[in-house]
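So the structure is just underneath, and the comments pick up after that.
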Amino acid sequence: MKIQKVVIIGTGGFGREALDVLEAINQVETQYDILGFVTEPGYHEPRELINEKPVLGYFDWLEHHKNEVRAICGVGAPAMRRRLIQQAEQLGVEFFSAVHPRTIQTRWVRMGAGSIITAGCILTNNITIGSHVHLNLDCTVGHDVVIEDFVTVSPGVHVSGNVRLEQGSFIGTGANLIEAITVGQWSVVGAGSVVVKDIPANTTAVGNPAKVIKTHKPGWHLE
Ligand SMILES: CC(C)(COP(=O)(O)OP(=O)(O)OC[C@H]1O[C@@H](n2cnc3c(N)ncnc32)[C@H](O)[C@@H]1OP(=O)(O)O)[C@@H](O)C(=O)NCCC(=O)NCCS
0 MKIQKVVIIG TGGFGREALD VLEAINQVET QYDILGFVTE PGYHEPRELI
50 NEKPVLGYFD WLEHHKNEVR AICGVGAPAM RRRLIQQAEQ LGVEFFSAVH
100 PRTIQTRWVR MGAGSIITAG CILTNNITIG SHVHLNLDCT VGHDVVIEDF
150 VTVSPGVHVS GNVRLEQGSF IGTGANLIEA ITVGQWSVVG AGSVVVKDIP
200 ANTTAVGNPA KVIKTHKPGW HLE
């Protein structure tokens, strides 16, 4: 197998967890030459080490190296992830997906570029996962679920069959979603919530049963 040179965009907690996923894949069979991290000014400085991997630089580094490397974005917040990915795509950067070896899935799962599945997730069949989706530790995803681009599913979430998570939605730790509901685009479901009916777009919903507590302006993710 050809070893790919790769970088992680984002130096925060989930950026390090993305590194964990790549290193776990390499332990099974070396697939990646993990060069390090790319960030924006104001976070880590170029040449700093994060879990033994260097901060390579900012987006100008990516621009210079776009033909040699592929990228994955380890920023958990959907809106910021979308912004950084669009910036990188405008430079011509290509993205790759990473699935932790301790994932259980069938061959009936389709997934777009740039998505990350961390350890302990279980995905059954006829599931569509878009691009740049994060499935954090120990989630279950049932049959016929659709998870659109830029969605973040936090640890320990149960997504029942036929659920649809629309673009940019964020599902908090330990939430449970009953079958066939839709979480609208750029909405937030609070940690521990039990979602028993559709959550409209651009809202925050919490509790058991989950109820909308905040309504945001359409386009709030662009602010
Ligand atoms: C839902 C959430 C986004 C709300 O954040 P927020 O918009 O800043 O809202 P606030 O903290 O102002 O809370 C508003 C009200 O909702 C309540 N609330 C907040 N989160 C709640 C939750 N998960 N379940 C039940 N009630 C919740 C608050 O107690 C508060 O109630 P009050 O008005 O009676 O005091 C946040 O609390 C949350 O659950 N985030 C998920 C975090 C997570 O899972 N991260 C994963 C990292 S890997």
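Each residue of the sequence shown is one higher than the last, beginning at 0 in numbering that gives the first Met the number 0.
From the three backbone atoms N, C-alpha and C, an ideal C-beta is built for every residue, glycine too.
Starting from Met-0, trace the beta strand (DSSP E) in both directions and tell me its first and last residue.
Here Met-0 belongs to no beta strand (DSSP E), and DSSP marks it neither H nor E.
To the nearest angstrom, report how far apart Tyr-57 and Pro-208 are at their CA atoms.
43 Å
How long is the line joining the alpha carbons of Gln-104 and Val-140, rounded to whole angstroms?
9 Å
Select from Thr-203, Thr-181 and Gly-183 the residue whose C-alpha is nearest the C-alpha of Ala-190.
Ranking Thr-203, Thr-181 and Gly-183 by CA distance to the CA of Ala-190 puts Thr-203 first.
Which partner residues does Thr-105 have in the DSSP bridge list?
Partner(s): none; Thr-105 has no beta bridge.
Taking the alpha-carbon positions, what's the Ala-23 to Lys-1 distance?
17 Å
Considering only heavy atoms of ligand 1, does any lie closer than 8 Å to the CB of Gly-171?
yes
Mind checking whether the beta-carbon of Phe-13 lies closer than 8 Å to any heavy atom of ligand 1?
yes
How close, in whole Å, do the beta carbons of Leu-176 and Val-194 come, if the pair is a contact with beta carbons under 8 Å?
4 Å
For Pro-154 and Gly-173, I'd like the C-alpha separation in whole angstroms.
Roughly 6 Å between the two C-alpha positions.
What residue range is occupied by the uninterrupted alpha helix (DSSP H) comprising Ile-84?
77 to 89
Looking only at its chain, what residues have a beta carbon closer than 8 Å to the beta carbon of Gln-184, apart from the 5 residues adjacent to it on each side?
The beta carbon of Gln-184 sits closer than 8 Å to the beta carbons of Glu-147, Glu-165, Gln-166, Gly-167, Ser-168, Ala-200 and Asn-201 from its chain, once the five residues preceding and following it are set aside; these are given in chain order.
When DSSP builds the beta bridges, which residues end up paired with Val-140?
Looking at the DSSP assignment, Val-140 forms a beta bridge with Leu-122 and Val-158.
Between the Cα of Gly-224 and the Cα atoms of Val-182, Ile-170 and Val-144, which residue gives the shortest distance?
Any answer about residue 224 is impossible in this case: the structure gives the chain only from 0 up to 222.
Can you name the start and end residues of the alpha helix (DSSP H) that Val-74 belongs to?
From DSSP, Val-74 is part of no alpha helix (DSSP H); its letter is neither H nor E.
Is Val-187 close to ligand 1? I mean its beta-carbon at under 8 Å from any heavy atom of the ligand.
yes
Looking only at C-alpha atoms, which of His-142, His-133 and Ile-115 sits nearest to Asn-125?
The closest CA to that of Asn-125, considering only His-142, His-133 and Ile-115, is found on His-142.
My output table needs one value for Glu-93: the three-state DSSP class, helix, strand or coil.
strand
Classify Val-92 as buried or exposed, calling it buried when 16 or more other Cβ atoms lie within 10 Å of its own Cβ.
buried
Count the other C-beta atoms from every protein chain shown that fall within 10 angstroms of the C-beta of Gly-41, then say buried if there are 16 or more, exposed otherwise.
Gly-41 should be labelled exposed.
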